[in-house]
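Enquirer: Have a look at this one before I ask anything.
Residue numbers (the working numbering): 6 to 621.
Structural data, given as structure tokens:
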């Protein structure tokens with residue numbers, strides 16, 4: 006072999022060794038990367054859940070100049086649930102599969118079922134799912150507690166014949182047959198129920214005969230008795246939530262990172278139609294939903310839009326005919342304007358109530374309406390989901406243009422983080438101006454593990470109306486002003502108010518999901534004057550639902566509406582309370598009955614309950 010060829014072969018061998026060495030190094034690098042990626046994937050799949058730092062933008066309330074300092078009153082609320090005799094626990098039937106209805110129920114009602122002048126308490130109950138008893142409980146019933154007039158309650162459920170087991174949601178109170186005895190309509194998953202008050206302390210199920218049971222597959226939530234056409238009979242609006250069944254729920258596959266199965270989000274379920282029943286005056290009802298204009302369809306799919314959880318019957322345009330404002334979850338809110346012919350027109354977008362200020366739908370729950378200022382403006386308060394402010398739409402009857410004034414009114418920033426359900430206006434300090442209470446609580450027990458700002462149990466929010474001297478701005482009340490019992494963290498849902506002990510001030514009940522309710526006695530010691538009115542219609546419906554009370558006190562105007570339907574799935578007392586502050590008399594008092602009949606009332610004694618009958 007020549008030296009040149011030998012040298013060439015040696016060079017070739019060296020080159021091959023270099024290539025092989027390089028390839029080996031590359032293989033080692035790829036192997037290392039593969040091992041690293043494999044290890045990383047294993048760690049990612051088996052990592053512990055990590056709390057993500059929440060970016061919470063602070064919202065400041067605009068400064069509103071006032072001429073004098075604001076001094077908030079001290080009015081304490083005391084938890085008297087146990088000592089009052091209320092022994093009840095809501096059952097939601099949860100067994101681990103996290104079915105959406107489990108976290109949505111729990112309505113409550115104050116109403117005088119035996120007409121003795123003292124508001125009684127009715128609690129809507131759920132029940133275990135079929136084939137899944139909870140702690141040995143196979144079925145439950147709703148509960149009725151009779152008030153002795155001093156705030157002590159006796160369980161009369163069995164004596165009243167309320168032995169029905171439903172997967173209940175809400176309740177509506179109204180005397181549908183105008184016989185003087187308030188009846189109960191109970192909304193549920195699958196089947197609703199109408200209980201007629203027999204007037205002897207018992208109730209009779211007349212659902213089938215009356216025709217208001219609803220579809221067997223429906224999930225009904227809010228409901229309201231009101232007079233649609235001013236004929237003196239109470240009609241019935243029933244809101245439905247979403248198209249739901251256990252199979253549909255499981256198909257959603259909702260989960261929380263690091264937690265597992267979660268309660269499904271409403272945007273993943275199809276919407277539904279509400280139902281409107283017209284009272285035929287003989288104990289029967291006709292379903293006029295399709296023809297009356299309350300069935301809103303998606304223009305793109307022609308499917309139902311509504312996912313309703315709250316309804317506020319209110320004459321929003323002051324024409325003497327009852328309109329309806331409906332709070333929907335994750336889709337636009339509705340405003341149904343009464344067309345005075347048995348039909349409605351949906352005008353939510355036109356009024357500004359359909360969406361938030363950015364044109365987005367929110368997770369709306371409970372709702373109430375009030376004239377909370379002296380300028381006669383109508384306020385619509387809506388309790389929204391966590392990280393969404395409570396809405397306070399304010400507008401005038403003359404033009405029906407509403408704007409959300411939650412931020413300048415002082416409610417918005419203070420309410421944003423909580424998940425709000427129950428909401429109502431009431432004058433807890435009897436100064437004449439409507440305050441606001443929201444009952445709060447989350448859906449997921451483990452929510453704090455993934456959102457540091459959220460807790461399953463949450464405190465209620467109480468906002469005090471500072472009155473016209475300070476622009477009727479709302480200030481958030483603390484335990485320093487109202488005690489700690491009111492703000493005890495709970496899984497709050499429904500809420501209602503009534504004077505349970507005859508002292509003139511308004512007491513509060515708040516229901517919880519899968520837990521006991523809380524009854525809170527108002528311990529007002531401000532020595533404010535008051536007048537309470539019980540109205541009875543003649544040409545109007547006997548319950549006077551929809552009537553307005555208009556008073557002048559110390560040169561200022563006060564408005565109250567007779568309306569039990571307030572908050573979330575709940576009902577408050579029919580009796581109207583007028584707080585008068587330090588005033589020694591009423592300058593004037595007028596009742597505006599449903600249909601427009603005006604009646605002047607004179608010479609009312611203060612700190613008393615007055616019975617007023619409609620006169621032609």
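Cβ coordinates follow ideal geometry from the N, Cα and C atoms, glycine included.
By how many angstroms is the C-alpha of residue 99 removed from the C-alpha of residue 55?
Expert: Here the question's residue 55 lines up with position 50 in the chain shown. Here the question's residue 99 lines up with position 94 in the chain shown. Residue placement at residue 55 cannot be trusted, given a pLDDT of 40 that sits under 50; what the coordinates show is reported in the next sentence. For residue 55 and residue 99, the distance between alpha carbons rounds to 27 Å.
Enquirer: Kindly indicate which three-state DSSP category residue 87 falls into: helix, strand or coil?
Expert: Position 82 of the chain shown, counting from 1, holds the residue named residue 87. Note: residue 87 maps to helix in three-state DSSP.
Enquirer: Beta-carbon within less than 7 Å of residue 612's beta-carbon, same chain only, minus the 5 sequence neighbours each way: which residues are those?
Expert: As a working note, residue 612 is residue 607 in the chain shown. Around residue 612: 509, 534, 535.
Enquirer: Could you give the DSSP three-state label for residue 607: helix, strand or coil?
Expert: As a first step, residue 607 must be located in the chain shown, where it is residue number 602. Residue 607: coil per DSSP, three-state reduction.
Enquirer: Pick helix, strand or coil for residue 583, following the three-state DSSP scheme.
Expert: What you label residue 583 is simply residue 578 of the chain shown in a count that begins at 1. Reduced to three states, the DSSP call for residue 583 is strand.
Enquirer: Identify, in the order they occur along the chain, each residue of the same chain with its Cβ nearer than 6 Å to the Cβ of residue 401, setting aside the five sequence neighbours on each side.
Expert: Along the chain shown, one-based indexing puts residue 401 at 396. The residues are 382.
Enquirer: Pop quiz: residue 387 and residue 372 are said to be a contact at Cβ under 8 Å. What is the actual Cβ separation, rounded to whole angstroms?
Expert: For the purposes of this step, residue 387 is taken as the residue at position 382 of the chain shown. For the purposes of this step, residue 372 is taken as the residue at position 367 of the chain shown. With a Cβ gap of about 5 Å, residue 387 and residue 372 count as contacting.
Enquirer: Alpha carbon to alpha carbon, how far is residue 368 from residue 438? Give it in angstroms, no decimals.
Expert: Locating residue 438 in the chain shown gives position 433, where the first residue counts as 1. Locating residue 368 in the chain shown gives position 363, where the first residue counts as 1. When rounded, the distance between both Cα atoms is 28 Å.
Enquirer: Apply the 10 Å Cβ neighbour rule to residue 1 and answer buried if 16 or more other Cβ atoms are within range, or exposed otherwise.
Expert: Beyond the ends of the chain as shown, which are 6 and 621, falls residue 1; an answer cannot be given.
Enquirer: State yes or no: is the C-beta of residue 199 within less than 8 Å of the C-beta of residue 217?
Expert: In the chain shown, the residue the question calls residue 199 occupies position 194. In the chain shown, the residue the question calls residue 217 occupies position 212. For residue 199 and residue 217, yes; Cβs fall inside 8 Å.
Enquirer: For residue 301 and residue 342, I'd like the C-alpha separation in whole angstroms.
Expert: By 1-based counting over the chain shown, the position of residue 301 is 296. By 1-based counting over the chain shown, the position of residue 342 is 337. In a straight line, the C-alpha of residue 301 is about 13 Å away from that of residue 342.
Enquirer: Among all the DSSP beta bridges, which residues are the ones paired with residue 401?
Expert: Along the chain shown, read from residue 1 onward, the residue named residue 401 stands at position 396. The partner list for residue 401 (beta bridge, DSSP) is empty, contrary to what the question assumes.
Enquirer: Give the range of the alpha helix (DSSP H) segment to which residue 418 is assigned.
Expert: Counted from its first residue, the chain shown places residue 418 at position 413. It spans 417-420 - the alpha helix (DSSP H) in which residue 418 sits, taken as one unbroken run.
Enquirer: Spell out a yes or no on whether the region 268-275 and the region 237-255 are touching, meaning 3 or more CB-CB pairs, one atom from each, closer than 8 Å.
Expert: yes
Enquirer: Comparing alpha-carbon positions, which option in 117, 170, 166 lies nearest residue 179?
Expert: For the purposes of this step, residue 179 is taken as the residue at position 174 of the chain shown. Taking only the C-alpha atoms, the option nearest residue 179 is 117.
Enquirer: Between residue 186 and the rest of its own chain, which residues show a CB-CB distance below 6 Å, the 5 nearest in sequence each way excluded?
Expert: Residue mapping note: residue 186 aligns to position 181 of the chain shown, counting from 1. Leaving aside the five residues that flank residue 186 on each side, the residues in its chain whose CB is nearer than 6 Å to its CB run, in chain order, 202, 204.
Enquirer: Is the region 404-419 touching the region 579-596 in the sense that three or more CB pairs, one from each, lie closer than 8 Å?
Expert: no
Enquirer: Using the beta-carbon count (16 or more within 10 Å), is residue 619 buried or exposed?
Expert: Within the chain shown, the letter at position 614 stands for residue 619. With 16 or more Cβ atoms within 10 Å of its Cβ, residue 619 is classed as buried.
Enquirer: What whole-angstrom Cβ distance do residue 462 and residue 494 have, given they're in contact under 8 Å?
Expert: What you label residue 462 is simply residue 457 of the chain shown in a count that begins at 1. What you label residue 494 is simply residue 489 of the chain shown in a count that begins at 1. Right, the Cβ-Cβ distance comes to about 4 Å (below 8 Å), so this counts as a contact.
Enquirer: Does residue 603 pass the burial test, meaning 16 or more other C-beta atoms within 10 Å, or should it be called exposed?
Expert: If you number the chain shown from 1, residue 603 lands on position 598. The residue in question, residue 603, is exposed, as its Cβ has fewer than 16 Cβ neighbours within 10 Å.
Enquirer: For residue 608, I'd like the list of residues in its chain whose CB is within less than 7 Å of its CB, leaving aside the five on either flank, ordered along the chain.
Expert: Looking up residue 608 in the chain shown gives position 603. A distance below 7 Å between beta-carbons, with the five flanking residues on each side excluded, links residue 608 to no residue of its chain.
Enquirer: Using 8 Å for Cβ pairs, my map puts residue 1 next to residue 338. What's the rounded Cβ distance?
Expert: Absent from the model: residue 1. The displayed extent of the chain is 6 to 621, so no value can be given.
Enquirer: Taking the alpha-carbon of residue 161 as reference, which of 395, 580, 229, 90 has the nearest alpha-carbon?
Expert: Numbered from 1 along the chain shown, position 156 holds the residue referred to as residue 161. The shortest C-alpha separation from residue 161 is found at 90.
Enquirer: Let me confirm a value: residue 363 is counted as buried when at least 16 other C-beta atoms fall within 10 Å, else exposed. Which label applies?
Expert: By one-based count along the chain shown, residue 363 stands at place 358. Flag for residue 363 reads exposed.
Enquirer: Whole angstroms are fine: how far does the CA of residue 165 sit from the CA of residue 359?
Expert: Translated into positions along the chain shown, residue 359 becomes position 354. Translated into positions along the chain shown, residue 165 becomes position 160. If you take the alpha carbons of residue 359 and residue 165, they lie about 41 Å apart.
Enquirer: Taking just the CA atoms, how far does residue 584 sit from residue 560?
Expert: Along the chain shown, read from residue 1 onward, the residue named residue 560 stands at position 555. Along the chain shown, read from residue 1 onward, the residue named residue 584 stands at position 579. Taking the straight line joining both Cα atoms gives about 14 Å.
Enquirer: Taking 8 Å as the cut-off, decide whether the C-beta atoms of residue 113 and residue 173 are in contact.
Expert: For this step, residue 113 is matched to residue 108 along the chain shown. For this step, residue 173 is matched to residue 168 along the chain shown. For residue 113 and residue 173, no; Cβs fall outside 8 Å.
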